[in-house]
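Just so you know, our numbering puts 93 at position 98 of the sequence shown, and the rest follows in order with no gaps.
Heads up, the thing below is written out as structure tokens.
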Amino acid sequence: QFLVALSPWEVHLFDMNDCAVAWAHMICELILCSGSPQSFISRVFARDVEAFEQRMGTLTHQNQEDFLSLPVSWRLRWSTEELLSAPARDVYTNVLVPLQDGHRRFGWN
């Protein structure tokens, strides 16, 4: 809440774990290139939230498994990769894409 009250021009992320910083930068880029919360979630999971909500109602914790059981949208994945900087794209493709495909990485989930 403190950051919201101050409205800083710039925030420096740091962590002992370099991967955590790279992850945070990728998430920030995803937020900036998403026009809505639905767009952000669509880009994170490479599945179309808007289309899901038209058929199933608002995405919630109660229907998230149904959402995640949808096939990956290659259109969303590729368009997201095109919008990200090279370092953020590297994290997206090496960490998030395998999770989107249902793979489990030790230490990441």
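In this text, a Cβ means the ideal position worked out from N, Cα and C, and glycines have one as well.
Just so it is clear, the structure is predicted and the values come from calculations on it, not from any experiment.
Quick one: is residue i buried, meaning 16 or more other Cβ sit within 10 Å of its Cβ, or exposed?
i: Trp18; result: buried
i: Glu24; result: buried
Can you tell me where the alpha helix (DSSP H) holding residue i begins and where it ends?
i: His20; result: Asp13 to Leu27
i: Phe101; result: Run containing Phe101: none; DSSP gives neither H nor E here.
i: Trp69; result: Trp69 to Leu78
Is the CB-CB distance between residue i and residue j below 8 Å?
i: Tyr87; j: Leu94; result: no
i: Arg38; j: Thr75; result: yes
Can you tell me the Cα-Cα spacing of residue i and residue j, whole angstroms?
i: Val67; j: Trp73; result: 11 Å
i: Phe35; j: Cys28; result: 8 Å
i: Gln59; j: Ala81; result: 30 Å
i: Glu48; j: Asn89; result: 28 Å
i: Leu71; j: Asp85; result: 16 Å
i: Gly123; j: Phe40; result: Look at the range of the chain in this structure, -4 to 104, and you will see that residue 123 is not part of it.
i: Thr55; j: Val16; result: 28 Å
Considering only C-alpha positions, which residue in the set the options is nearest to residue i?
i: Arg50; options: Ala41, Phe40, Asp61 and His56; result: Asp61
i: Leu63; options: Arg70, Ile26, Glu77 and Val44; result: Val44
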